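Residue numbers (the working numbering): 1 to 213.
The structure appears below as structure tokens.
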Ligand SMILES: [Mg+2]
């Protein structure tokens, strides 16, 4: 099982290019970029709050709902798999592994990310919190992932960048875990979980699974 955002895809360069494009379209000062990146908080600030603050700062007069649709379409539409992920996933598949992507977010937005990045074609199953009805770390979303991949959680692994949602959640259903630790992570974790392994990239995390199982 794998998380999507900041695990299979690294969001910061995509977000920066979205922000640069937006500032340029609005004829705003390009030097605002660092402020926009700070305001975004790695995507963790509520989107309506982020977008309405940004619109106000650059004098963009738009309904926040419309801005949100456009933002989601553009940013999610730019998603790309991290380098070497496809090759290592294909190798894992040849060795009998199945991949279920387990992601928190809106069904439309996450589905677009999965299709444009090509991840949808590599995955045996997808669980998006909005359509499943619960979010990671709820055990139900991991059980649903195993079911949809036509397997069980016995011997399963979870790869993800969020210690509380991905690692604590998966450890709670007995999966082994690899924490994809991002140096740009802004979250404070509360679960106190210890991952079984730590990796700095997604391919490195898959390599741990292949070596340890
Ligand atoms: Mg993530």
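Note that the Cβ used here is the ideal one computed from N, Cα and C, for glycine as well.
Predicted, not measured: the structure shown is a model, and the values here were computed from it.
For residue 24, I'd like the list of residues in its chain whose CB is within less than 8 Å of its CB, leaving aside the five on either flank, ordered along the chain. Position 24 of the chain shown, counted from the start, is the residue given in the question as residue 24. Once the five neighbours on either side are set aside, the close Cβ partners of residue 24 are 30.
Can you tell which of 56, 50, 206, 134 has its C-alpha closest to the C-alpha of residue 102? Working through the chain shown from its first residue, we reach residue 102 at position 102. Comparing Cα-Cα distances from residue 102 to each of 56, 50, 206, 134, the minimum goes to 134.
Length-filtered (4 minimum) alpha helix (DSSP H) runs lying within the segment 14-78: 33-40, 47-58, 64-76
Please report the straight-line C-alpha distance between residue 143 and residue 41, rounded to a whole angstrom. As a working note, residue 143 is residue 143 in the chain shown. As a working note, residue 41 is residue 41 in the chain shown. About 30 Å.
Using three-state DSSP, classify residue 160 as helix, strand or coil. As a first step, residue 160 must be located in the chain shown, where it is residue number 160. Strand, per DSSP.
Would you list the one or two residues that DSSP bridges to residue 102? Here residue 102 refers to the residue found at position 102 when the chain shown is read from its first residue. Note: residue 102 sits in a beta bridge opposite 127.
Compare the C-alpha of residue 77 against each of 128, 151, 9, 148 and name the closest. Position 77 of the chain shown holds residue 77. Measuring from the Cα of residue 77, the nearest candidate turns out to be 9.
What does the alpha-carbon distance come out to for the pair residue 161 and residue 181? What you label residue 161 is simply residue 161 of the chain shown in a count that begins at 1. What you label residue 181 is simply residue 181 of the chain shown in a count that begins at 1. Approximately 6 Å, taken between the alpha carbons.
Near residue 155, which residues of its chain fall below 6 Å by C-beta distance, leaving aside the five closest residues on each side in sequence? Position 155 of the chain shown, counted from the first residue, corresponds to residue 155. Hits under 6 Å: none found.
Go ahead and pull the three-state DSSP assignment for residue 180. Taking the first residue of the chain shown as 1, we reach residue 180 at position 180. In this structure, residue 180 counts as strand in the three-state DSSP scheme.
Can you pull the DSSP bridge partners for residue 5? Sequence index remark: in the chain shown, residue 5 carries index 5 (1-based). DSSP, once it has assigned bridges, lists 9 as partnering residue 5.
Counting C-beta neighbours from all protein chains within 10 Å, is the total for residue 192 16 or more, i.e. buried, or is it exposed? Numbered from 1 along the chain shown, position 192 holds the residue referred to as residue 192. With fewer than 16 Cβ atoms within 10 Å of its Cβ, residue 192 is classed as exposed.
Closer than 7 Å from C-beta to any heavy atom of ligand 1: which residues, in chain order? 3, 4, 5, 6, 7, 160, 161, 162, 166
Assuming residue 81 contacts residue 99 (C-beta within less than 8 Å), just tell me the rounded distance between them. Taking the chain shown and counting its residues from 1, one reaches residue 81 at position 81. Taking the chain shown and counting its residues from 1, one reaches residue 99 at position 99. Actually they do not touch by this definition, with Cβ atoms about 12 Å apart.
Return the residue from the list 14, 177, 86, 54 that minimises the CA-CA distance to residue 209. For the purposes of this step, residue 209 is taken as residue 209 along the chain shown, with counting starting at 1. When each option's Cα is compared against that of residue 209, the closest is 177.
How long is the line joining the alpha carbons of residue 195 and residue 105, rounded to whole angstroms? Sequence index remark: in the chain shown, residue 195 carries index 195 (1-based). Sequence index remark: in the chain shown, residue 105 carries index 105 (1-based). Taking the straight line joining both Cα atoms gives about 23 Å.
Looking at residue 33 and residue 20, is the spacing between their C-beta atoms short of 8 Å? In the chain shown, counting from the first residue as 1, residue 20 sits at position 20. In the chain shown, counting from the first residue as 1, residue 33 sits at position 33. Taking 8 Å as the Cβ cut-off, residue 20 and residue 33 qualify as a contacting pair.
Does residue 198 come out as helix, strand or coil in the three-state DSSP assignment? Locating residue 198 in the chain shown gives position 198, where the first residue counts as 1. Strand.
So what's residue 86 in DSSP terms, helix, strand or just coil? By one-based count along the chain shown, residue 86 stands at place 86. Residue 86: helix per DSSP, three-state reduction.
Is the beta carbon of residue 179 sitting closer than 8 Å to the one on residue 163? If you number the chain shown from 1, residue 179 lands on position 179. If you number the chain shown from 1, residue 163 lands on position 163. By the CB criterion at 8 Å, residue 179 and residue 163 fall inside the cutoff.
Can you give me the Cβ contacts of residue 83 inside the same chain, cut-off strictly under 6 Å, excluding the 5 residues immediately before and after it? Along the chain shown, one-based indexing puts residue 83 at 83. So the list is empty, once near-sequence residues are dropped.
Can you find the residues in the same chain that come closer than 6 Å, C-beta to C-beta, to residue 130, ignoring five residues on each side of it along the sequence? Numbered from 1 along the chain shown, position 130 holds the residue referred to as residue 130. 106, 107.
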